Every structure is written in structure tokens, then in C-alpha cells.
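Okay, structure first, notes after.
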Amino acid sequence: MSPWQPARICSRPGAAHQRRGQVCQDFSAAVELRSLDGLPVKVMAVADGHGGARYHRSDIGSRLACTAALTAVAATLETSRLADTAAGQPMEQWRRWLQQALPLAILSTWREAVEADRARRPEPDNPAGQEGVPALESAAAQDWLAYGTTLGLVVLTPHWWGHTGLGDWDLVRVEAEGVAVLLDEEANDPAAPGEATGSLCLPDAASLFASRSGLHRLDSPQARFALLLSTDGLRKSCATDPDFLALAAFLVSAVQAGSTAPAHALDQAAAPADAPEASQESTELPSLLDRISREGSGDDVSVAMTWFEPEGSLAAEPVNPERTKPVQRRAEQATAEPTPAATATAKPTTVQTEASQPANETADASDVGSSAVAGKGRPSTPRLLLGLSLGLAGALALLSSLGLLGQRSPPRPATPLKMEPSSPESLPPEPVRQLVQTLCQGSPASIRGTLRNRRAQFEGLGRGTIAPDLLNATSTSDPLGALIAASFDPAQRTMVRGSALQALGACAALQSALQEQWQQTMPSPSPSR
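Offset between the sequence shown (1-based) and our numbering: plus 49.
Here it is, written out as C-alpha cells:
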């Protein structure tokens, strides 16, 4: 009997993509297999197609990636015994498999599937080499580009579990008491352009798996825990890493506490190439992911989660985020030696993916990058995902409204509230000052995107249905809302000026973005003729 519970998987189209009429480029899959000696093995995978004109078949590419991953794992297990890995036996062969052999098998299977799909769906014009996209070394490599996708994979056996993949997926471990730990993420490279990430469409994609590989033994006594594998749409919907980890813990708790049982395991390896997208979904998880995308990044979102139940453990209560200790950013990998980094090459190792933008903007993927290490170009200190914080009430406010923090968001009053102007001389709270510094480290475009997500707060303050004091009181959980309130002068019904504006400590780009939002919310009256 497997100590791993059946996986819950779910892929949802992003809110922004739905508004633009785009298909979901994410895919997720899970399957239960058996080794040669009959031991149960669970596998779960997520993939995120890059989107945009240059990766115009990436929705197919992500599905083929998950299929290829499950197929490659199944092929290995058909000829492998796992009982030998019990009781402290050497694990080096499985570590090398995750770093080298499995990636090569996945890549070979994926490329064959891409070429087969391309043959069934010919197109007159190959976009590779056009519109500034650098021509790749072969016609086959140009075909791969259209199907570009990331891939995250977790393999779960009775004696060990491991992960591998490439691109900007995340893997979180959630302990029984609610502590969430970020186990693996794509390496940050400040030199990488914008939304650059590792991709299966790159010629040397196999070399990028090693840095995302890890192996964890289960020999010693283990407490129960959960694993959550997700595409970047989940993390991009949170303003900070602690917000992301709190959200991951909440999702694990919500799904485990739900009354819905998982559907049968989806064997994508047996599915026809043209099969429609499918996933195991609880009735609650899809609606949660839809809301996260709607109030967050607007990007597609995929998650795959499972629970480790030690032998003899009782059916324990769900992990409880209300008891969450201070979240940890990273844990040491449970391996005998560190995983070697991917071999750097002179060839492209990142691609520029489709950026999540408001519905009235056109998203466009850019050139293949040339960074030697796959990365998203996220700022390293502090590591905030600028321009992608949750809308309306912020990441923590969303968690509060979902019940994670044991409180509900204040209801919107039916009649305008009496508003008192803030003191121009008063300094904003520390969380707001820290947010201002962080925002000003980003680009003007990311600042504008962050503020656009809060249009409802600008409008509520302008109409008088939200009081500044209400947002100021939640500055710890929603510093962006407090910043917006501090920038508003209710007496003049416009943005603050003079000493009040200087007290915010905002850079010129942030001041300009705030002014732009207030002008759009409360346009100046036309001059009389």
C-alpha cells in the first residue's frame, strides 16, 4: 500500500486569457504506476505553455510535456525494482536518473510527439526566424519553438520521492501544523530579460533539468506532510513569498478538508494526442483557482498536490494554516550531497514568455533569451513579484476572506462613509514604506500594473464607499491598499500634494503611476467655454 494519497490536480484558464478569448496554456496530469517488483509509484506533473504568437501551439506543447513525462517514468519502472532502495540502500542511480536519464527520455518523447503533431497540423508559415525571433540551428528546432513549455514533475515511491523539470514552476512542502516550505524554484538571474524561463523548446533543454532535480529519502520516521506543485500563475498572484506560502498552505488545507474525493488517476500516456484537456478536480479547487487568477495575475493556474501518510497514522485533521508558524523560504534538500547545477552553454537557455496583462492590453512573447542560467529576472532583495500582487484586497486579505486567517473582510457599506483627511505630516506605517521602496525598485510598467489591479480601491475611495481609515487599519496585511488611501485627499477628491505626497517617500515613477490612476478614476472636469 502506498503511503501517498491520490493526487489532486487542476488546471484553470487565466481570467485575463478568458477575457482575450485565449485557450488555457497550462496542463496537469497524474497517474499511479507499478515498478517491476510491484511497488506503487505515483507521478504528478504540471506544465505551462509560454503563450503568444511565437509559441502559438504551446497549449498543445504543455499537454504533450505532461504525457511525455508520465510515459518516460512508466518506461523506467517497467524494468526497475524499487525494493532495493529500502533500508538505506544507495540512491545514487535514482539521483542520476532524475538529473540526466529521465530528462533525456522526456525530451526525446516530447520532440517526437511535437513532430507528429506538426505533421498532422501543417502550417504554411513557420514563425521561427520572423519578427526578430532568432533562427535556430535546424528545422526541427524551429518546430519545437511553437510548442514551448515548462515542465515540473514529482515521482513518489514508498521509500523516496524526487522531482525534476525545467522552467518557472514551484514546489512547496506543507507540514501537518501548517508550516509551508519552498523546496524548489527556478534560479533567479537578474540578467535574464523579463519573464524569461527554461523551456523544452530550447536545443539544450536537457541540461536545465539537473538544477531543478532533488531526491528525498523516507527511511527515517516521517510526520505527515503535503506537497504542492504549481505553475507560475499561482506565485505570480501573490505580492510576496510569505503570501505565496500562506496561500499554498491554505489550498492544501481547503482541498483536504473538502468533502470531495479525487477522481480516478489520469493516465495521460494512454490518451490520444488530440484528446481534450482533462484533470482530476474537486468541486472546490477549480473555483478557488479561478478566484486567485481573477483577483491576482490573470494567468493560467495549475496545481498538483498529494499527502504523505506514514504507516499506522490516523486519518489526521487537515493541515491548519491558522496555526502556521513563520514561513520558511527554503529547506535543505534531503540528499547525501548537493545537486549539481546545470551545465552552462553558449546556447539560449531561457525563453521570453507571455506576460500577464490586463484585458485591454495585447500580450506578446519576446525573443529567445541568452542567459546561461534559467531565470525569471525577479529582484533578489526583497523577492517580490512586482506588478502581480492580488487585486482588490491583497494576498493576505484574500486569504482572510477565504477563512485562512480566521477573519472576514469588512463588508462594503451601502452608503458613503464620512471620511477625514489624513494628516499631511504623518508618516505612513512601516509596511507601507517598505512596499514603496520595493515598488520603486521595479520598472514603471510593473508599478502601473500593480496599481491597475487595485482599480476597485481607487474607485471606492473616490465614490466615498471606502473610507481611508479602513484601508489604513489593514496596512500590515494590505500595505498597497494603505498606500492608495494615503495618496488620496478626500477634501480635494484627488491625489495628495505637497508635504503629504513627500511623506510617502514615493519615487517619480510611483508618483506618476498614482497620478495616472487617480486621473482615470476621477477625471478633471472639462473647462467651461
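Think of the CB as a built atom: it goes at the ideal place given N, C-alpha and C, for glycine as much as any other residue.
What you are looking at is a predicted structure, and each value in this text was computed from that prediction instead of being measured.
For Thr-246, three-class secondary structure by DSSP: Walking along the sequence shown from the start, residue 246 turns up at place 197. For Thr-246, the three-state secondary structure derived from DSSP is strand.
Taking Cβ positions, are Val-304 and Arg-57 nearer each other than 7 Å? Residue mapping note: residue 304 aligns to position 255 of the sequence shown, counting from 1. Residue mapping note: residue 57 aligns to position 8 of the sequence shown, counting from 1. Result yes, Cβ atoms of Val-304 and Arg-57 sit closer than 7 Å.
Figure out for me which residue from Leu-278, Val-350 and Ala-288 has the closest Cα to the Cα of Ala-298. Taking the first residue of the sequence shown as 1, we reach residue 298 at position 249. Among Leu-278, Val-350 and Ala-288, the Cα nearest to that of Ala-298 belongs to Leu-278.
Could you have a look at Arg-61 and say whether DSSP puts it in helix, strand or coil? For the purposes of this step, residue 61 is taken as residue 12 along the sequence shown, with counting starting at 1. In the three-state reduction of the DSSP assignment, Arg-61 falls in the strand class, which pools E and B.
Assigned exposure category for Ser-548 - 16 Cβ within 10 Å defines buried: On the sequence shown, residue 548 is found 499 positions in, with the first residue counted as 1. It counts as exposed.
Strictly by DSSP, which residues pair up with Thr-116? Here residue 116 refers to the residue found at position 67 of the sequence shown. Paired residues: none, contrary to the question.
Could you check what DSSP says for Phe-357 in three-state terms: helix, strand or coil? Residue 357 sits at position 308 when you count from the first residue of the sequence shown. Three-state DSSP puts Phe-357 in a strand.
Which whole-angstrom value is the C-beta distance of Gly-63 and Gly-282, which I expect to be below 8 Å? Position 14 of the sequence shown, counting from 1, holds the residue named residue 63. Position 233 of the sequence shown, counting from 1, holds the residue named residue 282. With a Cβ gap of about 6 Å, Gly-63 and Gly-282 count as contacting.
For Ala-522, the three-state DSSP class (helix, strand or coil): Position 473 of the sequence shown, counting from 1, holds the residue named residue 522. Ala-522 sits in coil when the DSSP states are folded into three classes, being neither helix nor strand.
Integer Cβ distance of Trp-356 from Ala-275, believed to fall under 8 Å: In the sequence shown, residue 356 corresponds to position 307, counting from 1. In the sequence shown, residue 275 corresponds to position 226, counting from 1. That belief holds up - the Cβ atoms of Trp-356 and Ala-275 are roughly 5 Å apart, short of 8 Å.
Can you name, in chain order, every residue of its own chain whose Cβ lies under 7 Å from the Cβ of Val-204, other than the five neighbours on each side? Taking the first residue of the sequence shown as position 1, residue 204 is located at position 155. If we look at Val-204 and ignore the five residues flanking it on each side, its Cβ neighbours are Val-90, Val-92, Val-122, Trp-210 and Gly-211.
Which residue comes first and which comes last in the alpha helix (DSSP H) that contains Val-485? Start at 1 with the first residue of the sequence shown, and residue 485 comes out as number 436. Unbroken alpha helix (DSSP H) run through Val-485: 479 to 490.
Beta-carbon proximity list for Trp-143, same chain, < 8 Å, skipping 5 on both sides: Looking up residue 143 in the sequence shown gives position 94. Cβ within range, chain order: Thr-134, Trp-209, Gly-211 and Leu-264.
Indicate the three-state DSSP secondary structure (helix, strand or coil) for Glu-344 in the structure shown. Along the sequence shown, one-based indexing puts residue 344 at 295. Reduced to three states, the DSSP call for Glu-344 is helix.
Just confirm the distance between the C-beta atoms of Cys-115 and Pro-335, as a whole number of angstroms; I'd bet it's less than 8 Å. Numbered from its first residue, the sequence shown carries residue 115 at position 66. Numbered from its first residue, the sequence shown carries residue 335 at position 286. Wrong, their Cβ atoms sit about 18 Å apart, outside the cutoff.
Whose CA, out of Ser-302, Pro-270 and Lys-285, lies closest to the CA of Pro-207? For the purposes of this step, residue 207 is identified with residue 158 of the sequence shown, where counting begins at 1. Looking from the CA of Pro-207, the closest CA among Ser-302, Pro-270 and Lys-285 belongs to Pro-270.
Would you identify the three-state DSSP class for Arg-222, choosing helix, strand or coil? Here residue 222 refers to the residue found at position 173 when the sequence shown is read from its first residue. Strand.
From the DSSP output, in three-state form, read off Glu-565 for me. For the purposes of this step, residue 565 is taken as the residue at position 516 of the sequence shown. Three-state DSSP puts Glu-565 in a helix.
From which residue to which residue does the beta strand (DSSP E) around Leu-294 run? As a first step, residue 294 is located in the sequence shown; it is residue number 245 there, counting from the start. Counting along the chain, Leu-294 falls outside any beta strand (DSSP E), though it belongs to the alpha helix (DSSP H) covering 290 to 306.
Taking the alpha helix (DSSP H) that Pro-528 falls in, what are its first and last residues? For the purposes of this step, residue 528 is identified with residue 479 of the sequence shown, where counting begins at 1. Note, Pro-528: alpha helix (DSSP H), 528 to 535.
Range of the contiguous alpha helix (DSSP H) that encloses Phe-507: Working through the sequence shown from its first residue, we reach residue 507 at position 458. 504 to 512 is the extent of the alpha helix (DSSP H) around Phe-507.
Would you kindly work out how many angstroms separate the C-alpha atoms of Arg-546 and Gln-560, rounded to a whole number? Against the sequence shown, residue 546 aligns to sequence position 497. Against the sequence shown, residue 560 aligns to sequence position 511. Going by the C-alpha atoms only, they are around 10 Å apart.
Can you list, in chain order, the residues of its chain with a C-beta nearer than 8 Å to that of Trp-146? Leave out the 5 residues immediately preceding and following it. Along the sequence shown, one-based indexing puts residue 146 at 97. So the qualifying residues of the chain are Thr-125.
Nearest-angstrom beta carbon gap, Thr-280 and Trp-218 [assumed within contact, 8 Å]: Mapped onto the sequence shown, residue 218 falls at position 169. Mapped onto the sequence shown, residue 280 falls at position 231. Going by Cβ atoms, the distance from Trp-218 to Thr-280 rounds to 6 Å, so yes, they are a contact pair.
From the DSSP output, in three-state form, read off Ser-269 for me. Here residue 269 refers to the residue found at position 220 of the sequence shown. DSSP places Ser-269 in coil when its eight states are reduced to three.
May I ask you to report which of helix, strand or coil DSSP gives Arg-160? Taking the first residue of the sequence shown as position 1, residue 160 is located at position 111. Three-state DSSP puts Arg-160 in a helix.
Does DSSP classify Pro-207 as helix, strand or coil? Position 158 of the sequence shown, counted from the start, is the residue given in the question as residue 207. Of the three classes helix, strand and coil, the one that applies to Pro-207 here is coil, per DSSP.
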